[in-house]
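In our numbering, the protein residues as written are 151 to 397.
Here is the structure we will look at.
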């Protein structure tokens, strides 16, 4: 390679590296009053944050441990506490994964709390407990089962639907039509962990198919390479994916 071509090649590599560093740097999440600054660890994770900032509706699909829920909650808190949105609503479908809700102890609220606990975990990892308590008590942050969304129109809000692979087509359509002026919806799920009865179609899979190509909607797909839990989790996911391909 002559010197001119070699210099152009090196310059191209430097530009690529600089562009990637900038891409990651701009995806850093700073939460006013929060406990920590959040940094995406993979390119797909950084892309998810950029999608969340630039689209009104975002689908984030990926395996357990890929960081999708934590990153989305962190970015939602950043936008909320930067006063870009007035409220944050987090919801999940209550679907029994081989266990009966009826046999859990306590009243209805106590029965559904375990289903919503992962959302509390993300919030508690990002905000001081007393600050979070005040936000919840004031209704600025709301955590509720998906059924509680029916009949509402949510404006100037960020609305997160977690575990969306367990929604039915009808539930997903109901949820999507809650979108009010100035709001943003983010939907997460793992289509390999559907707990619906075998005769039910996943609302997440159906929505991503129906809404493909619609303007202002982004679809971000994370993979086992984005898993940031124990290294064994990535191996487990890969093993299951390999077994499913053989079937």
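Note that CB positions come from ideal geometry on N, CA and C, so glycine has one too.
Nothing here was measured: the structure is a model prediction, and the numbers come from that model.
Run of the alpha helix (DSSP H) containing residue i, from where it starts to where it stops
i: residue 223; result: 218-231
i: residue 359; result: 353-360
i: residue 379; result: Element bounds for residue 379: n/a, residue is neither H nor E.
i: residue 207; result: Note, residue 207: premise wrong, no alpha helix (DSSP H); beta strand (DSSP E) at 207-211.
i: residue 337; result: Per DSSP, residue 337 belongs to no alpha helix (DSSP H); it is in the beta strand (DSSP E), 334-339.
i: residue 189; result: No alpha helix (DSSP H) contains residue 189, which DSSP labels as neither H nor E.
i: residue 204; result: 193-204
i: residue 325; result: 319-326
CA-to-CA distance, residue j to residue i, given in whole angstroms
i: residue 170; j: residue 225; result: 20 angstroms
i: residue 271; j: residue 362; result: 32 angstroms
i: residue 188; j: residue 195; result: 11 angstroms
i: residue 304; j: residue 318; result: 21 angstroms
i: residue 396; j: residue 389; result: 11 angstroms
i: residue 242; j: residue 385; result: 27 angstroms
i: residue 391; j: residue 266; result: 27 angstroms
i: residue 387; j: residue 341; result: 13 angstroms
i: residue 374; j: residue 202; result: 21 angstroms
i: residue 200; j: residue 297; result: 29 angstroms
i: residue 294; j: residue 336; result: 15 angstroms
i: residue 274; j: residue 282; result: 7 angstroms
i: residue 253; j: residue 299; result: Residue placement at residue 253 cannot be trusted, given a pLDDT of 47 that sits under 50; what the coordinates show is reported in the next sentence. Roughly 25 angstroms separates the two Cα atoms.
i: residue 464; j: residue 172; result: Lying before the first or after the last residue shown, residue 464 is absent from the chain, which here runs from 151 to 397.
i: residue 312; j: residue 331; result: 21 angstroms
i: residue 278; j: residue 349; result: 43 angstroms
i: residue 190; j: residue 334; result: 21 angstroms
i: residue 360; j: residue 180; result: 34 angstroms
i: residue 383; j: residue 285; result: 33 angstroms
i: residue 435; j: residue 329; result: In the structure displayed, the chain extends from 151 to 397; residue 435 sits before or after that span and is not available.
i: residue 316; j: residue 233; result: 32 angstroms
Presumed contact (8 angstroms Cβ cut-off) between residue i and residue j, rounded CB distance
i: residue 207; j: residue 366; result: 7 angstroms
i: residue 210; j: residue 338; result: 5 angstroms
i: residue 186; j: residue 269; result: That pair is no contact at about 18 angstroms.
i: residue 353; j: residue 393; result: Their Cβ separation, rounded to whole angstroms, is 26 angstroms, which puts residue 353 and residue 393 out of contact at 8 angstroms.
i: residue 235; j: residue 307; result: 6 angstroms
i: residue 357; j: residue 322; result: 5 angstroms
i: residue 289; j: residue 231; result: 15 angstroms between Cβ atoms; not a contact.
i: residue 292; j: residue 237; result: 7 angstroms
i: residue 398; j: residue 371; result: Missing from the structure shown is residue 398; the chain here goes from 151 to 397 and no further.
i: residue 309; j: residue 364; result: In fact, because the Cβ distance is near 18 angstroms, the residues do not count as touching under 8 angstroms.
i: residue 205; j: residue 368; result: 4 angstroms
Segment limits, beta strand (DSSP E) that includes residue i
i: residue 367; result: 367-371
i: residue 240; result: 237-242
heavy atom of the ligand ZN below 6 angstroms from residue i C-beta
i: residue 267; result: Ligands in the displayed structure: none, and consequently the ligand ZN is not present.
*Decide yes or no for the touch test of the stretch 210-222 against the stretch 375-395: beta carbon pairs closer than 8 angstroms, at least 3 of them.*
yes
*Three CB pairs or more closer than 8 angstroms across the stretch 171-190 and the stretch 343-357*: no
*Would you mind listing the alpha helix (DSSP H) stretches within the stretch 278-311 that are 4+ residues and don't spill past its ends, in chain order?*
279-288
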